[in-house]
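In what follows, a structure is listed as structure tokens, so that the remarks can point back to it.
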Amino acid sequence: MANFLVWCVWLVAAFACLASALAVVSFRNPFYSALALIGNLASLAVLFLLLSGEFVAAGQVLVYGGAVMVMFLFVIAYLGDRTEESPWSGGPSWQIVGAVLAGGAILAEVIVVVGLEAGNFLSQPKHIGRSFGSPEAIGRLFLTDHLLAFEVTSIVLLVAAVGGVVLGAHARQLEGDARP
Amino acid sequence: MHGPEIQWYVILSAILFTTGALGVMLRRSPLIILLSVEIMLNAANLLLIAFSRLHGREDGQIFAISVMAVAASEVVVGLGLIVAMGRRHVDLDVDKLRTLRG
Chain L
1 MANFLVWCVW LVAAFACLAS ALAVVSFRNP FYSALALIGN LASLAVLFLL LSGEFVAAGQ
61 VLVYGGAVMV MFLFVIAYLG DRTEESPWSG GPSWQIVGAV LAGGAILAEV IVVVGLEAGN
121 FLSQPKHIGR SFGSPEAIGR LFLTDHLLAF EVTSIVLLVA AVGGVVLGAH ARQLEGDARP
Chain G
1 MHGPEIQWYV ILSAILFTTG ALGVMLRRSP LIILLSVEIM LNAANLLLIA FSRLHGREDG
61 QIFAISVMAV AASEVVVGLG LIVAMGRRHV DLDVDKLRTL RG
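These protein sequence lines are chains L and G, in that order.
Going left to right, the first sequence walks through residues 1 to 180 as the working numbering numbers them.
Going left to right, the second sequence walks through residues 1 to 102 as the working numbering numbers them.
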């Protein structure tokens, strides 16, 4: 019974995930695309929960679905409606054919490899304890085994923040120059 | 483990990654390209967490959190560039930005 329920949840989440990803790629208006991406991130968080990654699922909703997407929506609202200027690829048709071929190649490659090579190996997950993926376990790993990754991440975020400020300040200076 | 095996997650992640890659290759608005890159990063995250569950170790989840931090930084810089483009009244079209082309 539990197995059936988990399958149902998985199917709904996977379908929502794929449908919202297609919506992100195909909407003309970036605002709707960003809203669809929020749905995509939320359904991915459900999948993370099924894989017992509780802390990552919470982080996904808070950081991605919250902070990053709000930033996206602010920028899209600031730039205004430019749907006329950003249509689908108007380039030569070989671009579209090449893109679809490349995408199909990635997909076929992964599915063939999974089907042929790793099928049996992938079907026996290890048994895990109750605390797997809890904030406590993740925090302990971050501060012991992966301390370097933790510190490097903080530097990456700092550099990105400085970069954002520099880009914004530069643009403001240009605007001031343009206005006499 | 209840529910689907890991290989279903791998296939789902492959389809998601392909969708994002098609978005990057086919669309011309830099905003939509950034959103498609987010989809690709999230497909990679799903795979990392699925394999972390398969091996019963949390290192994959640590990796996924680091990927989230890198994605947030990438969005900050990308959106900064797009806002700078918008303030210069440049068309938001990656095919028209040829100044850097060699």
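Just so you know, even glycine gets a beta-carbon here, dropped at the ideal spot from N, CA and C.
Residues that residue i contacts on chain L, provided the C-beta gap is smaller than 7 Å
| i | result |
| --- | --- |
| residue 53(G) | 51, 52 and 125 |
| residue 70(G) | 156 |
Minimum Cβ-Cβ distance from residue i to chain L less than 8 Å
| i | result |
| --- | --- |
| residue 44(G) | no |
| residue 97(G) | no |
| residue 75(G) | yes |
| residue 10(G) | yes |
| residue 15(G) | yes |
Listed by chain order, chain L residues near residue i by CB distance under 8 Å
| i | result |
| --- | --- |
| residue 83(G) | 75, 78, 79, 167, 168 and 171 |
Residues that residue i contacts on chain L, provided the C-beta gap is smaller than 9 Å
| i | result |
| --- | --- |
| residue 37(G) | Residues of chain L passing the Cβ test: none, with the nearest at roughly 11 Å. |
Contact set between residue i and chain G, taken where Cβ atoms lie within less than 7 Å
| i | result |
| --- | --- |
| residue 43(L) | Going along chain G, no residue has its Cβ under 7 Å from residue 43(L), so there is no contact; the nearest lies around 10 Å. |
| residue 56(L) | 49, 61, 64 and 65 |
| residue 164(L) | 76, 77 and 80 |
Chain G contact for residue i (CB, 8 Å cutoff)
| i | result |
| --- | --- |
| residue 6(L) | yes |
| residue 70(L) | no |
| residue 33(L) | yes |
| residue 86(L) | No answer about residue 86(L) holds up, because its pLDDT of 48 lies below 50 and its placement is not dependable. |
| residue 61(L) | no |
| residue 153(L) | yes |
| residue 94(L) | no |
| residue 180(L) | Any reading at residue 180(L) needs caution, since the residue's pLDDT is 46, under 50, leaving its predicted position unreliable; the model's value is listed next. No, its Cβ sits nowhere closer than 8 Å to a Cβ of chain G. |
| residue 135(L) | no |
| residue 149(L) | yes |
| residue 19(L) | no |
| residue 103(L) | yes |
| residue 25(L) | yes |
| residue 12(L) | no |
| residue 97(L) | no |
| residue 46(L) | no |
| residue 112(L) | no |
| residue 16(L) | no |
| residue 116(L) | no |
| residue 107(L) | yes |
Whole-angstrom C-beta distance between residue j and residue i, which should lie under 8 Å
| i | j | result |
| --- | --- | --- |
| residue 185(L) | residue 133(L) | Given a span of 1 to 180 for chain L in the structure shown, any question on residue 185(L) remains unanswerable. |
| residue 77(G) | residue 163(L) | 5 Å |
| residue 22(G) | residue 99(L) | 6 Å |
| residue 2(L) | residue 47(L) | 17 Å between Cβ atoms; not a contact. |
| residue 213(L) | residue 72(G) | The structure shown does not extend to residue 213(L), since chain L is modelled only from 1 to 180, so the question has no answer here. |
| residue 76(L) | residue 31(G) | 6 Å |
| residue 16(G) | residue 18(L) | 7 Å |
| residue 94(G) | residue 33(G) | 7 Å |
| residue 125(L) | residue 54(G) | 5 Å |
| residue 50(L) | residue 6(L) | 6 Å |
| residue 42(G) | residue 44(L) | 6 Å |
Proximal chain G residues relative to residue i, where beta-carbon distance stays under 8 Å
| i | result |
| --- | --- |
| residue 37(L) | 35, 38 and 39 |
| residue 253(L) | Residue numbering for chain L in the displayed model covers 1 to 180; residue 253(L) lies beyond these limits and cannot be assessed. |
Chain C contact residues for residue i, given Cβ-Cβ distances below 8 Å
| i | result |
| --- | --- |
| residue 100(L) | Protein chains in the displayed structure are L and G, and chain C is not among them. |
Interface residues of chain G facing residue i [CB-CB closer than 9 Å]
| i | result |
| --- | --- |
| residue 2(L) | 2 and 3 |
| residue 161(L) | 73 and 76 |
*Do the stretch 107-114 of chain L and the stretch 31-44 of chain G meet, that is, are 3 or more Cβ pairs less than 8 Å apart?*
no
_Cβ contact (3+ pairs, closer than 8 Å) linking the stretch 54-66 of chain L and the stretch 11-30 of chain L_ = no
*Scan the stretch 27-96 of chain L and note each continuous alpha helix (DSSP H) run of 4 residues or more that stays entirely inside, going in chain order.*
30-50, 54-59 and 69-79
*asked:* Which complete beta strand (DSSP E) runs does the stretch 68-98 of chain G hold, if anything under 3 residues is left out?
replied: none
*How do the stretch 133-152 of chain L and the stretch 55-71 of chain G stand: do at least 3 beta-carbon pairs fall below 8 Å, yes or no?*
yes
*Which ranges does the beta strand (DSSP E) cover as unbroken runs of at least 3 residues, wholly within the stretch 19-74 of chain G, from first to last along the chain?*
none
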